[in-house]
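So the sequence shown is numbered by our numbering: it starts at 1118 and just counts up by one. Cβ coordinates follow ideal geometry from the N, Cα and C atoms, glycine included.
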Amino acid sequence: MLIATMFIATSCKEDTPIQPVDNKPQITLDTTSMQVANKGGEYEVGYTLTNAIKGLGLVAQSDDSWITILSSDNGKIIFDVGTNLTEERRTGTIELKYPNIEQLPKIMVTQEAGGALFTLTVEELTSTGCVTKVVPADDTMAYIIYSSPLSYFHQ
1118 MLIATMFIAT SCKEDTPIQP VDNKPQITLD TTSMQVANKG GEYEVGYTLT NAIKGLGLVA
1178 QSDDSWITIL SSDNGKIIFD VGTNLTEERR TGTIELKYPN IEQLPKIMVT QEAGGALFTL
1238 TVEELTSTGC VTKVVPADDT MAYIIYSSPL SYFHQ
């Protein structure tokens, strides 16, 4: 009887509270800001997604027209940056989306200023005209050259 009473007394002892386990998804980026060249190109930022929800992937998006998201899976956000044809540095944002994460990190993309759109070189000058070499800053850019006699501009 004494043994049974000791067993009951020790088994009725208040339990230690169970600490909840934080199984919320978390995203860690390799970097949250990037400096990119004015000529643009393809870039990537690595990420780690812990406690992922099965069947759901990370979504990356940008509202900046010069940043195009190519993919955001397998631990990499791959994006393309267009050529900066302005003489101003510009900054854009890549936003991430994933369920059950309150503070989603963002990636700030800063692109250096572009230079002149064209380089014009007068190669030959005569009394009636000139030969000019035109080289665009972006060799994939479409452009039109218009030539007119000086009298056209004096009308």
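>> By the three-class DSSP mapping on this structure, what secondary structure does Tyr1215 have?
In response: Taking the first residue of the sequence shown as 1, we reach residue 1215 at position 98. In this structure, Tyr1215 counts as coil in the three-state DSSP scheme.
> In or out: Leu1237 buried (at least 16 other Cβ within 10 Å) or exposed?
Replying inline: Start at 1 with the first residue of the sequence shown, and residue 1237 comes out as number 120. Leu1237 comes out exposed.
> Roughly how many angstroms lie between the CA atoms of Gln1228 and Ser1244, to the nearest whole one?
Replying inline: Counted from its first residue, the sequence shown places residue 1228 at position 111. Counted from its first residue, the sequence shown places residue 1244 at position 127. Their backbone Cα atoms lie some 44 Å apart in a straight line.
>> Measuring CB atoms only, is the region 1167-1177 touching the region 1240-1256, in the sense that at least three cross pairs come out at less than 8 Å?
In response: no
> So, using beta-carbon positions, are Ile1194 and Val1162 closer together than 9 Å?
Replying inline: As a position in the sequence shown, residue 1194 is number 77, starting the count at 1. As a position in the sequence shown, residue 1162 is number 45, starting the count at 1. For Ile1194 and Val1162, yes; Cβs fall inside 9 Å.
>> Give me, in chain order, the residues of the same chain whose beta-carbon lies closer than 7 Å to that of Tyr1160; leave out the 5 immediate sequence neighbours on both sides.
In response: As a position in the sequence shown, residue 1160 is number 43, starting the count at 1. Cβ within range, chain order: Met1151, Val1153, Phe1196 and Val1198.
>> Going by DSSP in three states, Tyr1164 sits in which element: helix, strand or coil?
In response: To locate residue 1164, count along the sequence shown from 1; it is residue 47. In this structure, Tyr1164 counts as strand in the three-state DSSP scheme.
>> For Gln1136, which residues in the same chain have their Cβ closer than 7 Å to its Cβ, ignoring the five residues on either side in sequence?
In response: For this step, residue 1136 is matched to residue 19 along the sequence shown. Because Gln1136 carries a pLDDT of 48, less than 50, the predicted location of this residue cannot be relied on, and the following value inherits that uncertainty. Cβ neighbours of Gln1136 beyond the five flanking positions: none.
> Can you tell me the Cα-Cα spacing of Pro1222 and Lys1171, whole angstroms?
Replying inline: The count along the sequence shown starts at 1 and reaches residue 1222 at position 105. The count along the sequence shown starts at 1 and reaches residue 1171 at position 54. Rounded to whole angstroms, Pro1222 to Lys1171 spans 21 Å at the Cα level.
> Among residues of its own chain, excluding the 5 on either side of Val1239, which ones have a beta-carbon nearer than 6 Å to its beta-carbon?
Replying inline: Here the question's residue 1239 lines up with position 122 in the sequence shown. Cys1247 and Thr1249, listed in sequence order.
>> Please classify Leu1213 as buried or exposed, where buried requires at least 16 other C-beta atoms within 10 Å of its C-beta.
In response: Working through the sequence shown from its first residue, we reach residue 1213 at position 96. It is buried - the Cβ of Leu1213 has at least 16 other Cβ atoms within 10 Å.
> What's the call for Ser1268, buried or exposed, on a 16-neighbour Cβ count within 10 Å?
Replying inline: If you number the sequence shown from 1, residue 1268 lands on position 151. Counting Cβ neighbours within 10 Å, Ser1268 comes out exposed, since fewer than 16 surround it.
> Which first and last residues belong to the alpha helix (DSSP H) in which Leu1267 is found?
Replying inline: Here residue 1267 corresponds to residue number 150 of the sequence shown, with the count starting at 1. Leu1267 to Phe1270 is the extent of the alpha helix (DSSP H) around Leu1267.
> Just the Cα atoms here: how many angstroms apart are Thr1200 and Thr1149?
Replying inline: Here residue 1200 refers to the residue found at position 83 of the sequence shown. Here residue 1149 refers to the residue found at position 32 of the sequence shown. Approximately 21 Å, taken between the alpha carbons.
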